[in-house]
Amino acid sequence: MRLSKEWNDYQLLDAGNGEKLESWNGIILRRPDPQAIWPIDMKNERWNHPDGFYHRSSKGGGEWSFQKRLPEYWTVKYRDLTFKVSPTNFKHTGLFPEQAVNWDYMMDKISNSNRPIKVLNLFAYTGGATMACAKAGAEMVVHVDASKGMTNWAKENRDLCGLQDHKIRFIVDDCLKFVEREARRGHHYDVIIMDPPSYGRGPNGETWKFEQNIYHLIQACMKILSDQPLFFLINSYTTGISSTVLENILKTTILRKYPDGRVDAGEVGIPIVKNELILPCGIYGRFESHD
15 MRLSKEWNDY QLLDAGNGEK LESWNGIILR RPDPQAIWPI DMKNERWNHP
65 DGFYHRSSKG GGEWSFQKRL PEYWTVKYRD LTFKVSPTNF KHTGLFPEQA
115 VNWDYMMDKI SNSNRPIKVL NLFAYTGGAT MACAKAGAEM VVHVDASKGM
165 TNWAKENRDL CGLQDHKIRF IVDDCLKFVE REARRGHHYD VIIMDPPSYG
215 RGPNGETWKF EQNIYHLIQA CMKILSDQPL FFLINSYTTG ISSTVLENIL
265 KTTILRKYPD GRVDAGEVGI PIVKNELILP CGIYGRFESH D
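Numbering-wise, the sequence shown is residues 15 to 305 according to the numbering used here.
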């Protein structure tokens, strides 16, 4: 398992009983987490008096309650990156801190590549990976997401990171349709990153289902990979999908086209401060060229 453990502004304080308790730059949030199914004693003061508490509803979804008036948003820093954080209606905060281990990988590969690198970030959300790649010196980052609201949030993160002068293209579109158009245009990328949802809809009602569509999308992406791809990274939170599935897909697609590379897959997670347990937070699969 690859761990995001270099944070200063974020801490996973405790987790259990289907919930997690986090510090986001000093603001304590209590949220559901389906992986934290082990029992714990929740008598701790922080559990009972968080600054924000997302209550699940028996009808699905839920809502936030706040012990004190929080700012509309605040920021957290990771290395040289700064991100906007704000509790959303769907329990999220606009940032997945476990992805920091992937940001480290991307930044290391790009900064040490010693050549111009063009990046495509699909299902790019609020742009954590986009900013990491741009900060590492990518020649261009193309950021694609179906949500206009999330794309605007990503633009705010660009400004917070001081990346206004870097070449980042923000595109609101269905990811598969965009990739297919890029292939017709003859455009190529050295890096492709994707974080596809389990289920989603494109801006024109296009339906996405991970199990049905992921293989087709990766096949389409192969047509726009450059002759010397640096890496190809998939992240997934889809329940029931093993990292071995991602490994197998990459081996039967990209590795066959670029047999000198290598494939790696596994889990990502965050250490729990209270007891040094690990909270699993999804899976990754990646192809990388040999250095």
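All C-beta atoms, glycine included, are put in the ideal place defined by N, C-alpha and C.
Quantities reported herein were computed from a predicted structural model and do not represent experimental measurements.
Identity of the residue in the options nearest residue i by Cα
i: T252; options: K57, P101, I297; result: I297
i: L308; options: E112, N218, K132, G74; result: In the structure as shown, the chain begins at 15 and stops at 305. Residue 308 is therefore absent and cannot be evaluated.
i: F248; options: D122, D23, L134, N218; result: For the record, residue 248 in the displayed sequence is Ile; it is not Phe. The shortest C-alpha separation from I248 is found at L134.
i: K271; options: F301, P85, C175, P101; result: F301
i: Y213; options: I185, A234, N22, Q226; result: Q226
i: Q25; options: I255, I41, M15, V155; result: I41
i: N39; options: P46, A50, D23; result: D23
i: Q242; options: V115, S257, T267, H202; result: H202
i: E220; options: F192, V205, K237; result: F192
i: L231; options: T258, S240, P46, I268; result: I268
Contacting residues, own chain, Cβ-Cβ under 7 Å from residue i (five flanking each side not counted)
i: S137; result: Just to set this straight, residue 137 is Phe in the shown sequence, not Ser. D159, C189, M208, D209, P210, P211, listed in sequence order.
i: L27; result: L35, E36, S37, R60, V287, K288
i: M164; result: Y139, T140
i: Y229; result: I263
i: I182; result: T144, A148, V155, H157, R172
i: Y87; result: K98, V99, S100
For residue i, three-class secondary structure by DSSP
i: K169; result: helix
i: D204; result: coil
i: E33; result: strand
i: G307; result: Within the shown structure, residues of the chain are numbered from 15 to 305, placing residue 307 beyond reach of any answer.
i: L247; result: strand
i: D47; result: coil
i: P3; result: Absent from the model: residue 3. The displayed extent of the chain is 15 to 305, so no value can be given.
i: W52; result: coil
i: Q25; result: strand
i: I238; result: coil
Same chain, Cβ closer than 6 Å to residue i, five either side skipped, listed in chain order
i: S127; result: L244
i: D274; result: H304
i: Y92; result: A114
Per DSSP, the bridge partner or partners of residue i
i: M331; result: The displayed coordinates of the chain run from 15 to 305. Any statement about residue 331 would go beyond what the structure contains.
i: H106; result: The partner list for H106 (beta bridge, DSSP) is empty, contrary to what the question assumes.
i: Q394; result: It is not possible to answer for residue 394, since the shown part of the chain is limited to 15 through 305.
i: H69; result: E77
i: V282; result: R16
i: Y298; result: N249, G280
i: W11; result: Residue 11 lies beyond the stretch modelled for the chain, which goes from 15 to 305, so this question has no answer here.
Residues of its chain near residue i, where Cβ-Cβ distance is below 8 Å and the 5 sequence neighbours each way are ignored
i: M15; result: G280, E281, V282, G283, I292, P294
i: G66; result: I41, I42, L43, R44, W78, S79, F80, Q81, L84, P101
i: K162; result: V186, P217
i: L260; result: I248, S250, A279, I297, Y298, G299
* Kindly confirm or deny that the stretch 50-57 and the stretch 72-84 touch, where touching means at least three C-beta pairs closer than 8 Å. => no
* Three or more beta-carbon pairs under 8 Å between the stretch 97-114 and the stretch 136-153, yes or no? -> They touch, by the three-pair rule.
* Asked: Should the stretch 196-205 be called in touch with the stretch 162-182, which here means at least 3 C-beta pairs below 8 Å?
  -> no
* Meets three-Cβ-pair contact criterion under 8 Å: the stretch 61-76 and the stretch 97-107 -> Between the stretch 61-76 and the stretch 97-107, the count of Cβ pairs shorter than 8 Å is three or higher; the stretches touch.
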